[in-house]
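*Asks:* Here you go, one structure.
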Amino acid sequence: MSVAIIRHGERKDYVDKSWVKGAERPWDPPLTKLGKLQAAAAGRRLRDEITRDHGVPTATRVYSSPFTRCVQTATEIAKELGVTAIQVEDGLAEELCEKFYRSWCLPESNGSWGGPPNTTVSADTKLRPQAFVDFRELLHSTATLKEVVSPLVDENYTSLWPLSGKGITWGNFENRSQLVERLLFTHQELHQQAKNESIVLVTHGGPVIKLFNALNVDDGNTKKTGHCGYTGLALCIPRAQGGWTGPIVVDHSHIDTVEVLVEE
Numbered sequence: 009m010s011v012a013i014i015r016h017g018e019r020k021d022y023v024d025k026s027w028v029k030g031a032e033r034p035w036d037p038p039l040t041k042l043g044k045l046q047a048a049a050a051g052r053r054l055r056d057e058i059t060r061d062h063g064v065p066t067a068t069r070v071y072s073s074p075f076t077r078c079v080q081t082a083t084e085i086a087k088e089l090g091v092t093a094i095q096v097e098d099g100l101a102e103e104l105c106e107k108f109y110r111s112w113c114l115p116e117s118n119g120s121w122g123g124p125p126n127t128t129v130s131a132d133t134k135l136r137p138q139a140f141v142d143f144r145e146l147l148h149s150t151a152t153l154k155e156v157v158s159p160l161v162d163e164n165y166t167s168l169w170p171l172s173g174k175g176i177t178w179g180n181f182e183n184r185s186q187l188v189e190r191l192l193f194t195h196q197e198l199h200q201q202a203k204n205e206s207i208v209l210v211t212h213g214g215p216v217i218k219l220f221n222a223l224n225v226d227d228g229n230t231k232k233t234g235h236c237g238y239t240g241l242a243l244c245i246p247r248a249q250g251g252w253t254g255p256i257v258v259d260h261s262h263i264d265t266v267e268v269l270v271e272e
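Numbering-wise (my numbering), the sequence shown opens with residue 9 and increments by one.
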């Protein structure tokens, strides 16, 4: 059945540029209040519009990147769908490239992707010590996520693509081809496990775009998507002859009214 690929909602460090400097876990910002409302709006769209307009069953499984903002997003979506558990899958994690590390580990980092502009890193640059720790150790375990982030987290689920042991640290980044390999493997395996169900994959902006483009989805045109805003949604439906159709190409119109309500 269908696979919905969704980016998380609005993140704290993109709104409060001072947050990273004082945060204990600057690599893992939570959602803002607006971000949670955006996630709920995405869940309602999946519940109400997808089945009505595209003829696929309502999603019964929700998988999430291990980052806090994604687990929070997945939780709000699951509530709207009536799904009682979410599975945390390392294979849906953020792109662990140098730009990601620069967003939080440099002295002047403020959460911006790529870090402070025109910043050169030398042997004398004082990076946060966590930059040299195997990255999976910096993320919450499923037990901790269940305790401090969401009671819906399924502690018994085991990631198909575990990040532990991959040795990702500052200087040993994940490259683009490795990211795409990870995303395609995870997408294929999760779809195969739930072939007769519709599923939701909650991940990050870059992974949404790169996975959608790597799937070579037939969306009626030849232009690949290049931008994914908060809770951007891509819907992929398998074709009987193989491949995928994409009736929704990274759209986030469901959050337009949410932002108006918050402003008022």
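Even glycine gets a Cβ: it sits at the ideal position worked out from N, Cα and C.
What residue range is occupied by the uninterrupted beta strand (DSSP E) comprising residue 243?
*Replies:* For the purposes of this step, residue 243 is taken as residue 235 along the sequence shown, with counting starting at 1. Residues 241 to 246.
*Asks:* For residue 273, which residues of its own chain have a beta-carbon under 8 Å away from its beta-carbon, when the five flanking residues on both sides are left out?
*Replies:* For residue 273 there is no data in the structure shown, the boundaries of the chain being 9 and 272.
*Asks:* Is it buried or exposed, residue 265, if we count other Cβ atoms within 10 angstroms and call 16 or more buried?
*Replies:* One-based indexing of the sequence shown puts residue 265 at position 257. Flag for residue 265 reads exposed.
*Asks:* Under a three-way DSSP split, which group does residue 254 fall into?
*Replies:* Within the sequence shown, the letter at position 246 stands for residue 254. Reduced to three states, the DSSP call for residue 254 is strand.
*Asks:* Would you check if there are 3 or more beta carbon pairs closer than 8 Å linking the segment 244 to 256 to the segment 137 to 155?
*Replies:* no
*Asks:* Are residue 103 and residue 187 touching if we call contact CB-CB under 8 Å?
*Replies:* To locate residue 103, count along the sequence shown from 1; it is residue 95. To locate residue 187, count along the sequence shown from 1; it is residue 179. A contact, by the Cβ cut-off of 8 Å.
*Asks:* In whole angstroms, what separates the C-alpha of residue 254 from that of residue 184?
*Replies:* Walking along the sequence shown from the start, residue 254 turns up at place 246. Walking along the sequence shown from the start, residue 184 turns up at place 176. Going by the C-alpha atoms only, they are around 23 Å apart.
*Asks:* I'd like to confirm the pairing. Which residues does DSSP put opposite residue 224 in its beta bridges?
*Replies:* Translated into the one-based positions of the sequence shown, residue 224 becomes position 216. None; residue 224 has no bridge partner.
*Asks:* For residue 81, collect the residues of the same chain with a Cβ closer than 6 Å to its Cβ; drop the 5 residues on either side in sequence, then sort them by chain order.
*Replies:* Counting from one through the sequence shown, the residue named residue 81 turns up at place 73. Only 16, 17, 47, 210 meet the Cβ criterion.
*Asks:* Assuming residue 198 is part of the alpha helix (DSSP H), what are its boundary residues?
*Replies:* Stepping through the sequence shown from its first residue, residue 198 is reached at position 190. It spans 184 to 201 - the alpha helix (DSSP H) in which residue 198 sits, taken as one unbroken run.
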